[in-house]
Each structure stands twice: as structure tokens, then as C-alpha cells.
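S.K.:
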Amino acid sequence: MKLRGSRVLALIVVVAGAAAAALAWHGRAVPVTVATVRTGPAVELVYATGFVEARQPVAVQARITAPVVRVLVAEGDRVTRGQPLFVLADEEQQALVAQAAAQRRAAEQTEQRTLTLFREGWVTRAARDQAVANADAARAAQATAGARQGQLVVRAEIDGVVTKRDIEPGELATPNRVLAQLGDPTRVRITATVDERDITRIRPGQVALMSSDAWAGRTIAATVSEVTPGGDPTQRAFRVRLATPATDLPLGLSLEVNIVTRRHEQALLVPADAVRDGRVWVVTAGQVHRRPVRTGIVGPDMIEVLAGLAAGDTVVINAPDGLAEGERVRTGPAAQPANRPSAPAVP
Numbered sequence: 324m325k326l327r328g329s330r331v332l333a334l335i336v337v338v339a340g341a342a343a344a345a346l347a348w349h350g351r352a353v354p355v356t357v358a359t360v361r362t363g364p365a366v367e368l369v370y371a372t373g374f375v376e377a378r379q380p381v382a383v384q385a386r387i388t389a390p391v392v393r394v395l396v397a398e399g400d401r402v403t404r405g406q407p408l409f410v411l412a413d414e415e416q417q418a419l420v421a422q423a424a425a426q427r428r429a430a431e432q433t434e435q436r437t438l439t440l441f442r443e444g445w446v447t448r449a450a451r452d453q454a455v456a457n458a459d460a461a462r463a464a465q466a467t468a469g470a471r472q473g474q475l476v477v478r479a480e481i482d483g484v485v486t487k488r489d490i491e492p493g494e495l496a497t498p499n500r501v502l503a504q505l506g507d508p509t510r511v512r513i514t515a516t517v518d519e520r521d522i523t524r525i526r527p528g529q530v531a532l533m534s535s536d537a538w539a540g541r542t543i544a545a546t547v548s549e550v551t552p553g554g555d556p557t558q559r560a561f562r563v564r565l566a567t568p569a570t571d572l573p574l575g576l577s578l579e580v581n582i583v584t585r586r587h588e589q590a591l592l593v594p595a596d597a598v599r600d601g602r603v604w605v606v607t608a609g610q611v612h613r614r615p616v617r618t619g620i621v622g623p624d625m626i627e628v629l630a631g632l633a634a635g636d637t638v639v640i641n642a643p644d645g646l647a648e649g650e651r652v653r654t655g656p657a658a659q660p661a662n663r664p665s666a667p668a669v670p
């Protein structure tokens with residue numbers, strides 16, 4: 324009995340030693356946060372800011388300098404091509420027209436007398452030619468004066484709506500001052516400003532997703548219709564035109580624009596914080612192993628992995644400094660991300 328009791332005691336000591344060793348080993352494991360590699364859509368977006376404008380915007384300007392006598396339209400009025408919009412003071416121009424008419428009559432009378440005398444042989448051919456030329460010049464001068472008088476009535480160049488009016492009666496209209504803006508609010512486009520570093524990724528036909536503080540939670544679809552060939556070197560940016568089927572966007576509304584330049588439906592995704600210098604730490608059987616990866620689309624939260632991982636692999640997020648190859652780790656799940664607006668789903 325004494326021998327058997329000794330054996331039992333020795334067995335208990337061995338088991339206790341093994342448990343203590345296991346606890347000590349577990350205590351030496353480095354705690355890490357992990358996530359599982361999964362598949363899902365990867366979307367590459369180019370961010371831009373834009374605004375709504377008429378597809379055919381027209382700036383109304385006077386061709387000559389004169390005070391505004393009458394304003395015939397208000398903002399929001401629908402106008403037709405050729406319709407008078409503004410009437411400018413024309414007293415001076417009326418006097419010039421009358422003067423030109425008098426000079427024309429005098430030149431034509433001289434022309435008729437000279438032609439009669441030339442037929443009778445009293446004047447030379449040179450005198451006749453000079454009289455005819457003077458009469459032609461006087462007629463042209465009268466036509467010019469009449470045309471300038473017509474320019475004192477500023478007319479609409481297109482059918483549309485007065486979207487903006489920037490002058491009142493009594494103010495001075497000049498050729499370099501915009502009096503009004505015309506456009507059709509049912510036919511709009513979006514002009515977006517894209518950084519020159521991203522412009523090479525933009526192509527006509529790409530889908531764009533837009534949002535505005537005016538409509539919280541609403542996503543407005545658009546399509547890239549044109550990339551302007553010349554950029555602005557001072558802003559280091561290019562203009563991109565977008566077409567949208569939306570018809571309720573007020574002219575001048577500012578928008579946040581995300582242009583979809585690439586989309587992969589079944590991409591292999593890892594948290595962005597798991598990739599450092601093109602490598603990740605993979606957890607296998609409680610140990611970590613550093614593995615190189617080749618990445619694709621990079622988003623703010625997730626990164627597409629093209630090679631180096633498989634779906635279901637466990638990777639370390641925000642690996643602690645000093646983590647070594649083959650080191651024992653104690654894993655915990657990644658914390659749920661804080662609630663924040665995410666990119667809208669791509670149609």
C-alpha cells in the first residue's frame with residue numbers, strides 16, 4: 324500500500340508540473356488582435372468636389388457701354404431666343420444714327436450730281452469713282468450706327484431660364500460685365516474638380532456616386548461624360564463633366580463626388596491595419612509567421628490582396644513592435660469599427 328501511494332503521489336506531481344509548465348508557457352504568449360481574411364467587393368474611388376450647372380450655360384453681356392434703363396426679366400423667368408432682356412440708354416446713339424443718316428443723304432446727292440456730270444463729260448472718271456466710294460462709305464456708316472443702336476437692347480441668345488441676374492436699372496453695363504446667366508434647369512451637368520494625381524485614372528463612362536448635405540443619406544448616380552484635355556496649373560487640377568438623370572438638382576448646388584475607377588466583386592480582403600511594408604503576420608497553431616503579400620485596391624479600412632493569403636487565414640491587426648517569427652501569441656478578435664458614414668454601394 325505504501326508503494327502504491329507513492330506512485331499516485333508521483334503521478335500527481337508530474338501532472339501538476341505539466342499544468343504549471345503549460346500555464347507558464349501560456350503566460351509568456353504575446354496578446355494580439357486578429358481578423359479573418361474574407362472575400363467581398365473591392366472598390367477604388369477617386370474623390371472630387373463638384374457643382375451643378377446648366378448643360379448649356381450662357382453669360383449675358385452688353386456689347387457696348389451704356390447705363391441700363393429697363394430690366395425686362397427676373398430670376399426664374401423662362402425666355403426664348405431673341406427675347407429682349409435689358410434696354411440700355413440710347414440717346415447718344417440716336418444722335419449718331421441721325422448724323423450718319425444725314426451724311427448718307429449728302430453723299431448720295433453728291434454721287435447723283437457727279438454721275439450726271441460724268442455722263443455729260445464735265446468730270447473725270449476719278450471724280451466719279453470718288454463720289455461713288457464716298458456714298459458707299461456713308462451708307463455703311465449709317466448701317467453700322469443702326470446696328471449699334473440695336474445692340475442697346477440686350478437679347479437672349481438661347482431658349483432657357485434666367486438663373487441669375489446681376490444688374491439693376493441705373494447701373495452701367497459694360498462689355499466685360501455679366502448681366503445675367505441663362506440655362507435650362509431641367510438639363511444639367513456636374514462639373515467636378517479632380518486632382519492632377521488622379522486624372523489619369525478617369526475615363527468617360529465610369530460610374531460616379533454623388534452626395535450633398537442638402538439630402539442626407541441620398542446617393543445621386545452620375546456618369547463621366549467628358550474629361551477636359553487641359554488642366555489648371557495653379558490649382559493642379561482638371562475639370563471632369565458628369566451627366567446625371569436627376570432633374571431636381573438646383574443650379575449651383577455643391578456635391579461630393581466619388582468616381583468608381585475599379586471594382587472587383589470577389590476580392591480577397593484584409594484590414595488595412597494588418598498590412599505593413601507589404602507583409603502581414605499570419606497566425607497558425609498559436610504562432611505567428613510573417614508572410615509577404617501583393618496588394619491591389621487600397622481602401623481606408625480594407626485592402627485587396629492579390630497573392631500571399633487565402634480566405635479564412637487569420638492575420639494580426641496592428642502587430643506590436645518586436646513581434647518575432649514563430650513567436651507564441653494569444654489571440655483576440657478585432658474590435659468592431661466605430662459607426663461612421665461609409666461609401667455608398669456601387670450600382
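Numbering follows the working numbering, in which position 243 of the sequence shown is assigned residue number 566; successive positions increment by one, without gaps. Glycine residues also receive a C-beta, built at the ideal position from the N, C-alpha and C atoms. Just so it is clear, the structure is predicted and the values come from calculations on it, not from any experiment.
Pull up the distance between the alpha-carbon of V501 and that of F409, whole angstroms please.
M.R.: Distance between the alpha carbons of V501 and F409 is about 12 Å.
S.K.: Which same chain residues end up closer than 8 Å to E519 when comparing Cβ atoms and leaving out the 5 residues on each side of it in sequence?
M.R.: Closer than 8 Å at the Cβ level, and outside the excluded window around E519, lie G554, R559, A560 and F561.
S.K.: Using the C-alpha atoms, what's the distance from D596 back to T618?
M.R.: So the alpha carbons of these two residues sit roughly 13 Å apart.
S.K.: Here's the rule I'm using: 16 or more other beta-carbon atoms within 10 Å means buried, otherwise exposed. How should W445 be labelled?
M.R.: The residue is exposed, with fewer than 16 neighbouring Cβ atoms inside 10 Å.
S.K.: Quick one: grab the DSSP three-state call for D482.
M.R.: The answer is coil: DSSP assigns D482 none of H, G, I, E or B.
S.K.: Compute the distance between the beta-carbons of A642 and V355, then report whether it is under 8 Å.
M.R.: Yes; because the gap between Cβ atoms is below 8 Å, this pair is in contact.
S.K.: Can you tell me the Cα-Cα spacing of V593 and A358, whole angstroms?
M.R.: In a straight line, the C-alpha of V593 is about 8 Å away from that of A358.
S.K.: Can you look up V616 in the DSSP assignment and give me helix, strand or coil?
M.R.: Three-state result, V616: coil.
S.K.: Near L346, which residues of its chain fall below 8 Å by C-beta distance, leaving aside the five closest residues on each side in sequence?
M.R.: Below a pLDDT of 50, predicted positions are generally treated as unreliable, and L346, at 43, falls in that range; no measurement from the model is reported.
S.K.: Please state whether DSSP places T388 in a helix, a strand or coil.
M.R.: Three-state result, T388: coil.
S.K.: Would you list the one or two residues that DSSP bridges to S534?
M.R.: Answer by DSSP bridge pairing, in chain order: E579.
S.K.: Pick helix, strand or coil for W348, following the three-state DSSP scheme.
M.R.: Unreliable positioning characterises W348 in this predicted model, as indicated by a pLDDT of 44, which lies under 50. The coordinate reading is nonetheless provided below. Looking at W348 - three-state DSSP - the assignment turns out to be helix.
S.K.: Between D459, P364, G622 and V369, which lies nearest to Q529 when the distance is taken from Cα to Cα?
M.R.: Among D459, P364, G622 and V369, the Cα nearest to that of Q529 belongs to V369.
S.K.: Locate the beta strand (DSSP E) running through D518, then write down its first and last residues.
M.R.: Per DSSP, D518 belongs to the beta strand (DSSP E) from V511 to D518.
S.K.: Terminal residues of the continuous alpha helix (DSSP H) containing Q416?
M.R.: Its alpha helix (DSSP H) spans residues E414 to R442.
S.K.: With C-beta atoms as the reference, is A545 less than 8 Å away from I513?
M.R.: In contact: A545 and I513 (Cβ atoms closer than 8 Å).
S.K.: What are the boundary residues of the alpha helix (DSSP H) that T467 is part of?
M.R.: Element bounds for T467: R448 to G473.
S.K.: Hey, S535 and L576: beta-carbon distance below 8 Å or not?
M.R.: Result yes, Cβ atoms of S535 and L576 sit closer than 8 Å.
S.K.: Pull up the DSSP beta-bridge partners for G373, would you.
M.R.: Paired residues: A515 and L578.
S.K.: May I ask which residues mark the beginning and end of the beta strand (DSSP E) holding P492?
M.R.: First-last for P492: undefined, no H or E at that position.
S.K.: Does the distance from the C-beta atom of E367 to that of T584 stay below 8 Å?
M.R.: Cβ atoms of E367 and T584: closer than 8 Å.
S.K.: If I follow the unbroken beta strand (DSSP E) through T637, where does it start and stop?
M.R.: T637 to I640 is the span of the beta strand (DSSP E), which, as asked, contains T637.
S.K.: If distances are taken between C-alpha atoms only, which option among R478, D452 and D507 comes closest to R378?
M.R.: The residue with the shortest Cα to Cα distance from R378 is D507.
S.K.: Below 8 Å on the Cβ atoms is my contact criterion, and I expect A485 with V402 to pass it. Report the Cβ-Cβ distance as a whole number of Å.
M.R.: Note that residue 485 is Val in the sequence shown here, rather than Ala. The Cβ separation is near 6 Å, so the contact holds.
S.K.: Can you tell me the Cα-Cα spacing of P527 and R386, whole angstroms?
M.R.: Cα to Cα, the separation comes out at about 37 Å.
S.K.: Check whether the segment 450 to 467 and the segment 428 to 439 touch, using three or more Cβ-Cβ pairs below 8 Å as the test.
M.R.: Touching, yes, given that three or more Cβ pairs across the two stretches are closer than 8 Å.
S.K.: Would you list the residues sitting across from V410 in a DSSP beta bridge?
M.R.: DSSP lists R393 and V476 as partners of V410.
S.K.: Pull up the distance between the alpha-carbon of T654 and that of G609, whole angstroms please.
M.R.: If I take the Cα positions, the gap works out to 8 Å.
S.K.: Just verifying my parser: in three-state terms, what is the DSSP assignment at T557?
M.R.: Looking at T557 - three-state DSSP - the assignment turns out to be coil, as it is neither helix nor strand.
S.K.: Would you call the segment 490 to 497 and the segment 387 to 399 in contact, with 3 or more CB pairs under 8 Å?
M.R.: Touching, per the Cβ criterion.
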